[in-house]
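Top line first, the protein sequences correspond to chains A and B.
So that you can map any letter, position 113 of the first sequence is 532 in our numbering, and since no number is skipped, the others follow by simple counting.
So that you can map any letter, position 107 of the second sequence is 127 in our numbering, and since no number is skipped, the others follow by simple counting.
For every residue, glycine included, the Cβ atom is placed at its ideal position computed from N, Cα and C.
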Amino acid sequence: EPEVTQTPSHQVTQMGQEVILRCVPISNHLYFYWYRQILGQKVEFLVSFYNNEISEKSEIFDDQFSVERPDGSNFTLKIRSTKLEDSAMYFCASSGGSSSYNEQFFGPGTRLTVL
Amino acid sequence: KNQVEQSPQSLIILEGKNCTLQCNYTVSPFSNLRWYKQDTGRGPVSLTIMTFSENTKSNGRYTATLDADTKQSSLHITASQLSDSASYICVVSRQGGATNKLIFGTGTLLAVQP
């Protein structure tokens with residue numbers, strides 16, 4: 420069964436460093452998403468991406484964040500200068516369509532720890 | 021404000037017992053409501069999805085109900101198993117917007133004990 424994969428599973432970085440979180444969405448999906456979950460809190464929407472551009476982003480997704488689909492398979496989230504409060508689980512998701520009825524399939528997540 | 025609230029926060033039950041989890045939402049305009057299961061350290065996995073016209077939907081031992089008038093939903097788990105131990109999250113999708121942005125509840129942490 421096709422699934423969304425994410426690497427690395429755990430990333431530890433120093434405050435101020437840049438990190439890139441990688442995702443491989445399900446191959447025939449066209450819509451991609453990033454969510455984050457701070458420990459003990461709810462999952463929060465960050466950004467959605469379609470046709471090589473951002474479709475929608477939340478207020479959390481400020482200028483230090485960027486997303487890219489560098490090739491036909493990977494979808495990346497870059498955090499330019501990490502802060503302590505960026506420590507969280509980051510989930511990538513993909514769907515076959517943009518309709519609210521299209522199911523989003525989530526990856527296993529990357530745990531980001533900023534020291 | 022678009023919010024999804026769940027209760028209880030946590031629940032402990034014995035294996036084989038049934039349980040019901042609650043969800044209230046204020047998301048508008050409403051499109052659909054989903055229940056997800058999230059194992060510790062893993063991504064959420066969809067259990068059910070319901071539109072406003074659907075009152076109930078089952079997926080094996082999971083049965084979800086939806087009352088779009090009162091904006092309430094429940095997830096009933098029958099004959100619980102140890103593997104049901106997880107966080108169960110109520111997620112609501114809004115109509116409109118550029119893409120399908122999901123609004124998550126805080127989840128109910130279920131522990132099934134032998």
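Pairwise C-alpha distance: residue j and residue i
i         : j         : result
Gln92(B)  : Ser103(B) : 26 Å
Arg54(B)  : Ile97(B)  : 15 Å
Ala88(B)  : Thr60(B)  : 30 Å
Ser94(B)  : Val132(B) : 18 Å
Arg530(A) : Asn75(B)  : 37 Å
Tyr469(A) : Phe451(A) : 7 Å
Gln58(B)  : Pro527(A) : 10 Å
Tyr45(B)  : Val112(B) : 8 Å
Asn52(B)  : Gln425(A) : 27 Å
Ile498(A) : Gln29(B)  : 32 Å
His429(A) : Asn521(A) : 29 Å
Ser78(B)  : Ile439(A) : 39 Å
Coarse secondary structure for residue i, derived from DSSP in three states
i         : result
Ser51(B)  : strand
Leu449(A) : coil
Leu6(B)   : Examination of residue 6(B) is not possible in this model, given that chain B is present from 21 through 134 alone.
Leu102(B) : helix
Asp87(B)  : strand
Leu503(A) : helix
Asn22(B)  : coil
Lys121(B) : coil
Limits of the beta strand (DSSP E) - the one that residue i falls within
i         : result
Gln430(A) : His429 to Thr432
Leu458(A) : Neither: Leu458(A) is in no beta strand (DSSP E) and is coded neither H nor E.
Phe480(A) : From DSSP, Phe480(A) is part of no beta strand (DSSP E); its letter is neither H nor E.
Phe468(A) : Val462 to Tyr469
8 Å contact criterion, which residue i and residue j should meet: CB distance rounded
i         : j         : result
Ser513(A) : His448(A) : 4 Å
Gln26(B)  : Thr128(B) : 5 Å
Phe124(B) : Lys461(A) : 5 Å
Gly435(A) : Ser500(A) : 5 Å
Leu496(A) : Val533(A) : Not confirmed; about 14 Å, so no contact.
Phe464(A) : Lys121(B) : 5 Å
For this session: Could you name the residues of the segment 26–44 of chain B whose beta carbon sits closer than 9 Å to any beta carbon of chain A, in the order they occur along the chain?
Result: none
For this session: For the segment 473–504 of chain A, enumerate the residues whose C-beta is nearer than 7 Å to any C-beta of chain B, in chain order.
Result: Taking 7 Å as the Cβ-Cβ cut-off against chain B, the residues of the segment 473–504 of chain A that qualify are Ser474 and Glu475.
Exercise. What are the residues of the segment 42–64 of chain B that lie near chain A, defined by any Cβ-Cβ distance shorter than 9 Å?
Worked result: Ser51, Asn52, Arg54, Tyr56, Gln58, Gly61, Arg62, Gly63 and Pro64
Problem set entry | Interface positions of the segment 83–101 of chain B facing chain A (Cβ-Cβ less than 8 Å), listed along the chain | none
Problem set entry | Against chain B: residues of the segment 510–529 of chain A by CB proximity under 9 Å | Within the segment 510–529 of chain A, the qualifying residues are Phe510, Cys511, Ala512, Ser514, Gly516, Ser517, Ser518, Ser519, Tyr520, Asn521, Glu522, Gln523, Phe524, Phe525, Gly526, Pro527 and Gly528.
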